[in-house]
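Student:
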């Protein structure tokens with residue numbers, strides 16, 4: 001079973017010092033969402049700014065300082081358990097990484113905070129374990145995707161995530177480029193060279209996958225599925241589907 005020692009959101013507008021004379025006994029996850037602060041991990045002094053994620057293990061010395069004139073907002077979580085030990089040891093965990101402040105990740109963190117606030121008898125320990133494991137895996141992916149040694153530029157990953165989120169609705173290449181902070185021409189070239197397909201092709205793969213699932217598991221008409229999966233109409237859906245699978249959508253559905 002996993003144990004959460006302390007978790008929450010803190011916001012400081014005044015000078016604040018938190019010195020830990022003893023080494024940490026738990027893992028500490030801390031994500032700066034507003035302002036800045038100063039921390040010392042072991043003998044390393046760090047200026048922590050918006051988007052910086054701290055991952056600190058048991059046995060490390062940790063100090064937090066918020067100086068006069070600094071504002072600081074952060075999500076924090078202290079935890080321990082055998083699963084966390086295994087998760088920590090399976091890949092390198094840098095002390096500090098700049099990650100994207102993704103609302104889905106923050107929502108997961110808030111869910112854990114709310115669950116932890118419930119009266120002890122009202123808490124669902126199984127749910128808390130799964131939520132914490134999900135947070136760990138999400139943090140690990142965020143760290144890996146922003147690493148300089150990752151297999152593709154982070155700007156491309158940002159465009160992929162944007163497309164994955166918006167593929168079933170109308171989205172424009174310009175919007176994905178803006179999301180990654182790139183010009184359209186640079187975004188188009190970088191995406192194709194890194195992923196091996198265009199943004200539209202990547203979006204179509206997602207749409208077709210969603211369409212196949214809906215053909216298998218719903219009773220919606222093919223016209224409804226085409227609209228629901230982001231195609232401009234059934235004729236275009238028919239054309240793209242047949243090119244991908246070699247058969248028309250109707251025939252594919254009958255044979256499933």
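Residue numbers (the UniProt record's numbering): 1 to 256.
We put the beta carbon where it would ideally sit given N, CA and C, even for glycine.
The structure displayed is predicted, hence computed values, not measured ones.
(1) Taking 8 Å as the cut-off, does the stretch 211 to 231 touch the stretch 183 to 202 (at least 3 CB pairs, one atom from each stretch)?
(2) Once DSSP output is grouped into helix, strand and coil, what is the label at residue 160?
(3) Figure out for me which residue from 158, 93 and 159 has the closest Cα to the Cα of residue 54.
(4) Whether or not the stretch 66 to 79 and the stretch 27 to 41 are in contact is what I'm after, with contact meaning three or more pairs of Cβ atoms, one per stretch, closer than 8 Å; do they touch?
(5) Determine the direct distance from the alpha carbon of residue 101 to that of residue 194, and round the result to whole angstroms.
(6) Just to check my reading of the structure: residue 139 and residue 83 have Cβ atoms closer than 8 Å, yes? What is that Cβ distance to the nearest angstrom?
(7) Drop a sphere of 10 angstroms on the beta-carbon of residue 258, count the other beta-carbons inside from all chains shown, and report buried for 16 or more, exposed for fewer.
(8) For residue 75, which residues does DSSP report across the bridge?
(9) I believe residue 240 touches residue 190 by the beta-carbon criterion, under 8 Å. Please report the beta-carbon distance rounded to the nearest angstrom.
(10) Confirm, please, whether the CB-CB distance from residue 199 to residue 176 is below 8 Å.
(11) Give the straight-line distance between the Cα atoms of residue 24 and residue 41, rounded to the nearest whole angstrom.
(12) By a C-beta neighbour count over all protein chains shown, 10 Å radius and 16 as the cutoff for buried, is residue 150 buried or exposed?
(13) Starting from residue 214, trace the beta strand (DSSP E) both ways and give me its first and last residue.
(14) Check each candidate in 196, 8 and 256 and name the one with the smallest Cα separation from residue 108.
(15) Got a sec, what are the start and stop residues for the beta strand (DSSP E) residue 52 sits in?
(16) Helix, strand or coil, according to DSSP, for residue 82 in the structure here?
(17) Report back the beta-carbon spacing between residue 142 and residue 99 to the nearest angstrom; my notes put them in contact at under 8 Å.
(18) Per DSSP, what kind of secondary structure is residue 186 in: helix, strand or coil?
(19) Could you tell me the distance, in whole angstroms, from the CA atom of residue 37 to the CA atom of residue 72?
Tutor: Answer, in terms of the structure:
(1) The answer is no - the stretch 211 to 231 does not touch the stretch 183 to 202, with fewer than three Cβ pairs under 8 Å.
(2) In the structure shown, residue 160 sits in a helix (DSSP, three-state: H, G or I).
(3) For residue 54, the nearest C-alpha among the options comes from 93.
(4) Flag = yes, the stretch 27 to 41 and the stretch 66 to 79 touch.
(5) Whole-angstrom Cα-Cα distance: 24 Å.
(6) Your pair residue 139 and residue 83 does not check out as a contact, with CB atoms roughly 14 Å apart and the cut at 8 Å.
(7) Shown here, the chain extends from 1 to 256; a query on residue 258 therefore has no answer.
(8) Answer is 9 and 31, bridged to residue 75.
(9) That pair is no contact at about 24 Å.
(10) With a cutoff of 8 Å on beta-carbon distance, residue 176 and residue 199 are scored as near each other.
(11) Each residue's alpha carbon lies about 10 Å from the other.
(12) So residue 150 ends up on the exposed side.
(13) From DSSP, residue 214 is part of no beta strand (DSSP E) but of the alpha helix (DSSP H) over 199 to 217.
(14) The residue with the shortest Cα to Cα distance from residue 108 is 8.
(15) According to the DSSP assignment, residue 52 belongs to the beta strand (DSSP E) that extends over 52 to 56.
(16) Correct three-state label for residue 82: helix.
(17) Between residue 142 and residue 99 the beta-carbon gap is near 4 Å, inside 8 Å, which marks them as a contact.
(18) Residue 186: helix per DSSP, three-state reduction.
(19) Between residue 37 and residue 72, the C-alpha separation is close to 6 Å.
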